[in-house]
Amino acid sequence: MTHDAMSRSARGVYGISVASELSGVGPQTLRLYERWRLLTPSRTAGGTRRYSDDDLDRLKRITTLVDQGINLAGIAQILDLESRNSQLESDYSQLELVNAKLKADRKPAAGRSATPTKGTPTKGRRPSDDDGRREHRSRRRDA
């Protein structure tokens, strides 16, 4: 992905010292979070960490969870579940759009109604199946 195609908030622009200063989290702690895969800053060709605005937002979320007393393993699970939930919500929204488009595009064929009329057999049933049962039931009531 080129820098032009990458969103500004996802572009790694801050070195570890600037990210540390902006977040209030020490550089050693940032390295620890990276070892736990809680953060994945981008890297320059020389291997220098570059933190993005998205990384700093994620770091705020991590800090909030740490302040609540959650350990790093728990935070990893929470962040993973939040990420998967967000992806599912996005997929669901896209499916709703596709479903709405399909419903809008679906039109009954000319000269045919969208629903079967009375007496029209439905899939898998013979026209006489239901009629025979009704007659049988009505005879029982009359007797």
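Using our numbering, read the sequence shown as starting at 4 and increasing by one per residue.
A virtual CB, placed ideally from N, CA and C, is assigned to each residue, including glycine.
It should be emphasised that the depicted structure is a prediction, and the values quoted were computed from it without experimental measurement.
Other residues of its chain near residue i: CB distance less than 7 Å, five sequence neighbours each side excluded
i     : result
Val28 : Leu62 and Thr66
Ala48 : none
Asp57 : Ser12 and Ala13
Leu51 : For the sequence presented, residue 51 should be read as Thr rather than Leu. These residues qualify, in order along the chain: Gly18.
Ser23 : Gly29, Pro30 and Leu33
Where residue i sits in the DSSP three-state scheme
i      : result
Ser93  : helix
Ser10  : coil
Arg46  : strand
Val101 : helix
Asn74  : coil
Arg87  : helix
Arg109 : coil
Leu82  : helix
Leu62  : helix
Leu41  : coil
Cβ-based neighbour list, residue i, same chain, cut-off 8 Å, excluding 5 preceding and 5 following
i     : result
Ala79 : Trp39, Arg40 and Leu41
Ile81 : Leu68 and Ile73
Residues bridged to residue i [DSSP beta-bridge criterion]
i     : result
Tyr17 : Tyr54
Close beta carbons around residue i, own chain, < 6 Å, minus the five adjacent residues each side
i     : result
Tyr17 : Tyr54
Short CB-CB distance (under 9 Å) between residue i and chain B
i     : result
Glu37 : Looking at the structure shown, chain B is missing, and only one protein chain is on hand.
Unbroken alpha helix (DSSP H) run spanning residue i, endpoints
i     : result
Arg38 : Pro30 to Arg38
Rounded Cβ spacing between residue i and residue j (contact assumed at less than 8 Å)
i     : j     : result
Pro30 : Ser20 : 7 Å
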